[in-house]
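Position 48 (the sequence shown) corresponds to 75 in my numbering; numbering is contiguous.
Here is the structure we will look at, set down as structure tokens.
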Amino acid sequence: MPHSASYSPSRDWQHFERLCRALLSKIYGKQFQRWGRNGQFQNGVDLYTLTKNNKFIALQCKGKGDGFGQNFSIKEIDQIIKDISKFPRKIDHLIILTTAPDDRKIQEYVVKLTQERLEQGKCEISLWGWNTICDHIGLYPDIQKSFYGHWFQRLTITQWCLRSFFIFILLLVGYIGVKQYSEYKNDKLQQKNLSLTSLNQALDLTNELGDSYSSCYLELNKSNFIFSQEFKESCITPIESALANFDKHIEDSSVFLSSVSLEEIDAIKK
28 MPHSASYSPS RDWQHFERLC RALLSKIYGK QFQRWGRNGQ FQNGVDLYTL
78 TKNNKFIALQ CKGKGDGFGQ NFSIKEIDQI IKDISKFPRK IDHLIILTTA
128 PDDRKIQEYV VKLTQERLEQ GKCEISLWGW NTICDHIGLY PDIQKSFYGH
178 WFQRLTITQW CLRSFFIFIL LLVGYIGVKQ YSEYKNDKLQ QKNLSLTSLN
228 QALDLTNELG DSYSSCYLEL NKSNFIFSQE FKESCITPIE SALANFDKHI
278 EDSSVFLSSV SLEEIDAIKK
């Protein structure tokens, strides 16, 4: 939905009068009619309607050429009041609508004027500048589409662009998340396979160490006396070699093994 500042003031008085008629008919729930025809003296009234409680509501539509480039004046207010004083029937509420911007000074004058007129039993006066009119337009989508349909087309394109962008971001984030999770699972699986391989190798080295101890034990049982050289070749050297291989394996595997796997290997070593 366009912001009120987005609505461009009507460029011709016919368009502005149609807009005012449609908008006020929507607000009051009663169709406004033209008072007289073009070229006839209208006594300051362009449109009118009778409400359900028989109140006569009159509208004066004042286009200001380039819209926001021209202001409404107190002199114009006084002239409109002078014109409606000769209106052939009693007016209960006169609403002056203009493409000029809202102006605090003019609004204060209209409020004071209305208070004086009500005390005299005369009609209420309201002034709607373009800002006020836009605020009311923003409340009725059908009025917006009828008089500012091009804004909806532009907004729809913008919305689709934004929607497509956010969908792309969501898909991208989802893809990155799935990819990272997949890589994480693959890394965990690879680490698990490496851990199993390392544990199997540790078991093989443990068996090798056990075989070295068994061979040494058999050599010692063959004779009560054994030379130091034979003892070194049969026991010390094989066992030291097996232990060195085992320690090296633990050191090489500590990079990718989990703490649980390292604890299992330490238990095997002990």
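A virtual CB, placed ideally from N, CA and C, is assigned to each residue, including glycine.
Note that this is a predicted model, so its numbers are computed, not measured.
For R48, same chain residues with a beta-carbon under 6 Å away, outside a window of 5 residues either side, are F59, L74 in chain order. With contacts defined by Cβ atoms closer than 8 Å, I84 and D119 form a contacting pair.
In the DSSP assignment, L86 falls within the unbroken beta strand (DSSP E) covering 83-89. Taking K275 as reference, the option from C262, T233, S242 with the minimal CA-CA separation is T233. Under the three-state reduction of DSSP, S153 is assigned to strand.
Of the residues R144, L145, Q69, the one whose Cα lies closest to the Cα of R116 is Q69. Here the alpha carbon of E210 sits roughly 10 Å from the alpha carbon of I203. Here I101 is near I133, since their CB atoms are less than 8 Å apart. When beta bridges are read from the DSSP output, Y55 appears opposite no residue. In the structure shown, the three-state DSSP call for Q60 is strand.
CA-to-CA, the gap between K91 and P168 works out to about 25 Å. C-alpha of H163 to C-alpha of Q207: approximately 52 Å in a straight line.
A check of alpha carbon separations from T125 across T159, R131, I111 identifies T159 as the nearest.
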